[in-house]
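Peer 1: Numbering (the UniProt record's numbering), first residue to last: 1 to 170.
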Amino acid sequence: MSIENALERGEEILVEGRQRLRDLRLGVEVSSALVNRIREFAEQCALDYPAKFGVSSNDGDQIIEPVVGEEAFLIAREALLNAFKHAHANDIRVKVDHGMKGLSICVQDNGQGFKADAKHSSQIANRWGVVGMHERASSIGAELTIKSVEGQGTEVSLWIPAQVAYNGKR
1 MSIENALERG EEILVEGRQR LRDLRLGVEV SSALVNRIRE FAEQCALDYP
51 AKFGVSSNDG DQIIEPVVGE EAFLIAREAL LNAFKHAHAN DIRVKVDHGM
101 KGLSICVQDN GQGFKADAKH SSQIANRWGV VGMHERASSI GAELTIKSVE
151 GQGTEVSLWI PAQVAYNGKR
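#1: When the Cβ atoms of the region 142–160 are set against those of the region 40–60, are three or more pairs found closer than 8 Å?
#2: Does the Cβ-Cβ distance between residue 92 and residue 103 come in under 9 Å?
#3: Does DSSP put residue 50 in a helix, in a strand, or in coil?
#4: Measuring CB to CB, does residue 48 end up less than 9 Å from residue 73?
#5: Over the uninterrupted alpha helix (DSSP H) stretch that includes residue 102, give me the two end residues.
#6: Taking buried to mean at least 16 other C-beta atoms within 10 Å of its own C-beta, is residue 98 buried or exposed?
#7: For a test of the three-state rule: what should DSSP assign to residue 153, helix, strand or coil?
#8: In whole angstroms, what is the alpha-carbon distance linking residue 69 and residue 4?
#9: Apply the 10 Å Cβ neighbour rule to residue 77 and answer buried if 16 or more other Cβ atoms are within range, or exposed otherwise.
#10: Nearest CA to the CA of residue 158: which residue from 106, 82, 132?
#11: Could you tell me if residue 14 is buried or exposed, where buried requires 16 or more neighbouring beta carbons within 10 angstroms of its beta carbon?
Shown next as structure tokens:
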């Protein structure tokens, strides 16, 4: 990444941060905006780490609790960054489902995956990114599951119950 690109990206992040603060103050997060933010982040990652990716959603504009939407985005962002940067995947898929029972986000890649043995799993679990994803999920009453098969890829699934995600505003 060139210095000019880094400065441009820094400005974009600053503008996005200001917009996010405004939205949090207003108390509104629309599910389509969450999907768009995930897609935009994946597009940015693909500039630095070439991989095919797709973001799909069952569409809809449900109102999501702002803090829940922000934490869900940050978890998805970390999962995407791991897939693009560390997994050496060439195909990454994100699926967002705004269901009646809750909101789910699933990030799948066909990268190198990792061993499921206890020693290696504890090493993965102790990495700051994974620890942070679990802490964020726990802080909003969500469930985070990470499944991986060495040589086949990884799946990160976030499940947020409706009463937490939508808070009766659905």
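Just so it is clear, CB atoms sit at the ideal spot from N, CA and C, and this is done for glycine as well.
Peer 2: In brief:
#1: Taking a cut-off of 8 Å on C-beta distances, the region 142–160 does not touch the region 40–60, as fewer than three cross pairs fall below it.
#2: Residue numbering aside, residue 92 sits at position 92 when the sequence shown is read from its first letter. Residue numbering aside, residue 103 sits at position 103 when the sequence shown is read from its first letter. No, they are not a contact pair.
#3: For the purposes of this step, residue 50 is taken as residue 50 along the sequence shown, with counting starting at 1. In the three-state scheme derived from DSSP, where H, G and I count as helix and E and B as strand, residue 50 is classed as coil.
#4: The count along the sequence shown starts at 1 and reaches residue 48 at position 48. The count along the sequence shown starts at 1 and reaches residue 73 at position 73. Result no, Cβ atoms of residue 48 and residue 73 do not sit closer than 9 Å.
#5: Start at 1 with the first residue of the sequence shown, and residue 102 comes out as number 102. Residue 102 -> not in any alpha helix (DSSP H); beta strand (DSSP E) instead, spanning 102–109.
#6: Here residue 98 corresponds to residue number 98 of the sequence shown, with the count starting at 1. In summary, residue 98 is buried, with 16 or more beta-carbon neighbours lying within 10 Å of its beta-carbon over all protein chains present.
#7: Looking up residue 153 in the sequence shown gives position 153. In the structure shown, the three-state DSSP call for residue 153 is strand.
#8: Position 69 of the sequence shown, counting from 1, holds the residue named residue 69. Position 4 of the sequence shown, counting from 1, holds the residue named residue 4. So the two alpha carbons sit approximately 31 Å from each other.
#9: As a working note, residue 77 is residue 77 in the sequence shown. It counts as buried.
#10: For the purposes of this step, residue 158 is identified with residue 158 of the sequence shown, where counting begins at 1. Out of 106, 82, 132, 106 has the C-alpha closest to the C-alpha of residue 158.
#11: Here residue 14 is taken as the residue at index 14 of the sequence shown, counted from 1. So residue 14 counts as exposed.
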